[in-house]
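In the UniProt record's numbering, the protein residues as written are 1 to 616.
Right, here's the structure in full:
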């Protein structure tokens with residue numbers, strides 16, 4: 001007879017999570033690093049009580065905002081290269097919906113997070129309950145249905161025994177390298193508290209390891225023949241290189257073939273910036289070295305990248321009419337993008353087998369030397385724009401230079417939205433895998449501080465440096481207090497350009513008037529005079545304002561020696577960005593306008609559209 005144990009559904013769920021393990025560097029560790037929780041009437045009595053029972057095995061962390069706590073969980077998984085993860089639970093209603101943005105972020109970036117929002121009563125007796133959204137034509141709908149399009153797997157638990165198959169399916173998705181993404185288990189609040197006789201076997205310890213699909217023999221043969229014939233080959237390294245732990249294999253492949261490499265936002269730090277054949281950033285925010293090669297390349301080996309528009313310059317970057325793209329990707333959906341020859345495989349295994357299949361092939365010497373010369377030229381241009389200065393309002397690039405000089409590359413630098421991702425992608429010199437943490441798949445303002453918290457939880461031995469603009473800071477800064485409360489030190493470099501400087505520049509570039517982006521161009525009675533230093537101090541952090549780049553370097557040195565989260569503020573110029581490098585990006589300009597500037601921009605836009613190679 002099957003042995004059982006009587007538990008509530010919530011108790012069964014939390015006990016199950018404590019039994020999931022993984023192996024990292026030959027050490028067995030819990031797969032789940034903890035649970036973020038903000039309790040309310042939809043989860044405090046059920047899952048809240050259950051988490052208390054396992055608090056030593058599965059730590060619970062309290063945050064100040066549901067979106068932020070889910071961001072922290074996602075950043076934890078990203079910093080762990082998807083080998084470990086966290087869960088996040090909220091009440092029903094606004095608490096749950098706050099996590100939808102984070103779910104979308106995880107979905108776009110293919111990152112695992114287990115979301116456990118409370119839901120309405122399955123028995124529907126207390127109907128409607130507090131915070132319940134009623135659909136006049138569908139009695140089964142709740143706000144948690146918002147999670148469906150942004151979850152890789154969604155389930156609503158309306159009976160306690162349903163958690164058994166639901167968790168099995170959830171774990172398959174969370175740990176699958178191709179299907180990986182957010183899982184939402186919507187927990188009806190009465191069912192959380194209902195008991196069931198669960199089989200003890202359900203709670204047996206299970207070890208999850210990274211699945212590494214090897215390439216199909218025929219796909220491998222085709223890819224190898226194409227690559228061996230290449231005269232101007234180029235590798236585009238995406239985030240899949242990092243998640244696969246394929247950096248060493250990529251290095252070996254490059255050493256054997258001499259093929260230059262460029263990196264997407266997600267793939268940056270796949271190779272060190274010092275690597276002779278690492279051309280660094282590619283695409284809209286790319287370096288001149290990488291983009292020049294991309295325009296000429298006859299074979300592009302795209303490894304672990306989804307080839308989104310910033311990488312491809314909206315289908316206009318890869319200009320060689322006879323080019324072939326090889327899509328080495330664990331996800332078939334991505335492997336076939338841009339009419340690529342698919343090579344469906346784990347990045348590490350795929351590179352190893354492709355390397356063996358093209359053994360003896362070397363990129364032409366002239367192509368290699370061309371790449372190295374381009375890199376040297378770019379490094380000079382980058383050094384110029386990041387050099388120390390005494391200007392009253394420095395550029396983002398000059399701030400980046402100060403951070404790099406003072407703190408070095410052996411840190412985790414993290415950013416997400418605004419103008420900083422473009423400048424960081426071009427200019428930051430990454431030291432090794434995971435040292436560059438960019439959330440630019442969703443480019444979610446407000447991710448930065450919460451994400452930094454999650455990154456620090458994953459790598460407490462590393463200095464985590466957050467680069468953030470005033471717009472993102474004002475959107476979501478509450479987890480500064482959480483970092484202080486948990487003793488997780490962050491260094492936050494806050495660049496104040498008094499508004500949304502990046503979008504203001506884009507507005508100007510498309511012929512628009514300065515409108516509603518910089519604070520001075522908004523409808524207002526009085527411009528806000530925000531004391532960011534006082535605000536950060538009020539949340540428990542150390543903080544000071546730097547009056548110049550020299551002051552910034554001194555403040556960063558102080559922050560490095562500090563024992564707690566430190567915010568360093570500096571005023572920056574909202575109109576300046578790095579002109580070197582970069583590439584066109586498709587942003588539609590109105591066909592007609594009363595503004596001559598817009599009409600002129602439209603003409604330029606129509607000329608650029610002719611460069612797109614749609615379907616090529």
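C-beta atoms are modelled at their ideal positions from N, C-alpha and C, and glycine is treated no differently.
Please determine if the region 137 to 152 and the region 84 to 102 are in contact, where contact requires at least 3 C-beta pairs separated by less than 8 angstroms.
Two segments are said to touch when three or more pairs of C-beta atoms, one from each, lie closer than 8 angstroms; by this definition the region 137 to 152 touches the region 84 to 102.
Whose C-alpha, out of 44, 86, 49, 371, is nearest the C-alpha of residue 20?
Considering only alpha carbons, the answer is 86.
Is it buried or exposed, residue 273, if we count other Cβ atoms within 10 angstroms and call 16 or more buried?
By the neighbour-count rule (16 or more Cβ atoms within 10 Å), residue 273 is buried.
If you draw a straight line from the alpha carbon of residue 513 to that of residue 595, how long is it in whole angstroms?
Between residue 513 and residue 595, the C-alpha separation is close to 9 angstroms.
Taking the straight line between their C-alpha atoms, what separation do you get for residue 565 and residue 89?
Their backbone Cα atoms lie some 26 angstroms apart in a straight line.
Relative to the C-alpha of residue 426, which candidate in 354, 438, 433 has its C-alpha closest?
Comparing C-alpha distances from residue 426 to each of 354, 438, 433 shows the shortest one belongs to 438.
Proximal residues to residue 533 (C-beta, below 8 angstroms), its chain only, five neighbours per side dropped
If the five residues before and after residue 533 are omitted, its C-beta is found closer than 8 angstroms to the C-beta atoms of 543, 544, 545, 567, 569, all from its own chain and listed in chain order.
C-alpha distance - residue 106 paired with residue 113, whole-angstrom precision:
C-alpha separation (whole angstroms): 7 angstroms.
Helix or strand or just coil, what does DSSP make of residue 155?
For residue 155, the secondary structure class from DSSP, reduced to helix, strand or coil, is strand.
Assuming residue 110 contacts residue 180 under a Cβ cut-off of 8 angstroms, what Cβ separation, rounded to an integer in Å, is found between them?
With a Cβ gap of about 5 angstroms, residue 110 and residue 180 count as contacting.
Looking at C-alpha atoms only, which residue of 415, 267, 590, 39 is the closest neighbour of residue 64?
The candidate whose alpha carbon is nearest that of residue 64 is 39.
Residue 37 and residue 8: beta carbons closer than 7 angstroms?
The answer is no: Cβ separation not under 7 angstroms.
Look up residue 604 in the DSSP assignment and say whether it is helix, strand or coil.
Here residue 604 sits in helix by DSSP.
Using a Cβ distance threshold of 8 angstroms, determine whether the region 69 to 83 contacts the region 146 to 158, with at least three qualifying pairs required.
With a cut-off of 8 angstroms, the region 146 to 158 and the region 69 to 83 do not count as touching, because too few Cβ pairs lie within range.
Can you grab the Cα-Cα spacing for the pair residue 123 / residue 193, in whole Å?
If you draw a straight line from the Cα of residue 123 to the Cα of residue 193, it is about 13 angstroms long.
Start-to-end residues for the beta strand (DSSP E) that takes in residue 206:
Note, residue 206: beta strand (DSSP E), 206 to 208.
Contact set for residue 75: own chain, Cβ-Cβ below 6 angstroms, skip 5 residues either direction:
So the qualifying residues of the chain are 451, 454, 455.
For residue 494, name the three-state secondary structure that DSSP assigns.
Per DSSP, reduced to three states, the secondary structure at residue 494 is strand.
Could you give the distance in angstroms between the alpha-carbon of residue 35 and the alpha-carbon of residue 474?
Near 26 angstroms, if we compare the C-alpha coordinates of residue 474 and residue 35.
Let's see if you can read the secondary structure: which residues bound the beta strand (DSSP E) around residue 119?
Element bounds for residue 119: 113 to 119.
Where residue 502 falls: helix, strand or coil (DSSP):
Three-state DSSP puts residue 502 in a helix.
Determine the direct distance from the alpha carbon of residue 574 to that of residue 604, and round the result to whole angstroms.
Approximately 24 angstroms between the Cα atoms of the pair.
Hey, how far is the Cα of residue 411 from the Cα of residue 555?
A direct Cα-Cα distance of roughly 17 angstroms separates residue 411 from residue 555.
Range of the contiguous alpha helix (DSSP H) that encloses residue 415
Counting along the chain, residue 415 falls outside any alpha helix (DSSP H), though it belongs to the beta strand (DSSP E) covering 412 to 415.
Rounded to whole angstroms, what is the Cα-Cα separation between residue 126 and residue 45?
So the alpha carbons of these two residues sit roughly 16 angstroms apart.
Output the distance between the C-alpha atoms of residue 73 and residue 67, rounded to the nearest integer angstrom.
For residue 73 and residue 67, the distance between alpha carbons rounds to 10 angstroms.
Whether or not the region 412 to 421 and the region 459 to 470 are in contact is what I'm after, with contact meaning three or more pairs of Cβ atoms, one per stretch, closer than 8 angstroms; do they touch?
The answer is yes - the region 412 to 421 touches the region 459 to 470, with three or more Cβ pairs under 8 angstroms.
Burial state of residue 165, where buried means 16 or more other Cβ atoms lie within 10 Å:
Counting every other CB atom within 10 Å of its CB across the protein chains shown gives residue 165 a total below 16, marking it as exposed.
Flag this pair as yes or no: are the beta carbons of residue 269 and residue 460 separated by less than 7 angstroms?
Not a contact, by the Cβ cut-off of 7 angstroms.
Using the three-state DSSP reduction, which class does residue 32 fall into: helix, strand or coil?
Assigned with DSSP and collapsed to three states, residue 32 falls in strand.
To which residues does DSSP link residue 344 through a beta bridge?
Answer is 329, bridged to residue 344.
Under the assumption that residue 348 contacts residue 245 (Cβ atoms under 8 angstroms), give the Cβ distance between them as a whole number of angstroms.
About 6 angstroms separates the two Cβ atoms, so the contact holds.
Contact set for residue 253: own chain, Cβ-Cβ below 6 angstroms, skip 5 residues either direction:
351, 355.
Cβ of residue 48 within 7 angstroms of Cβ of residue 189?
No. Outside cutoff.
Should residue 457 be labelled buried (16 or more other beta-carbon atoms within 10 Å of its own) or exposed?
So residue 457 counts as buried.
Comparing C-alpha positions only, which one of 312, 497, 511 sits nearest to residue 520?
Closest by alpha carbon: 497.
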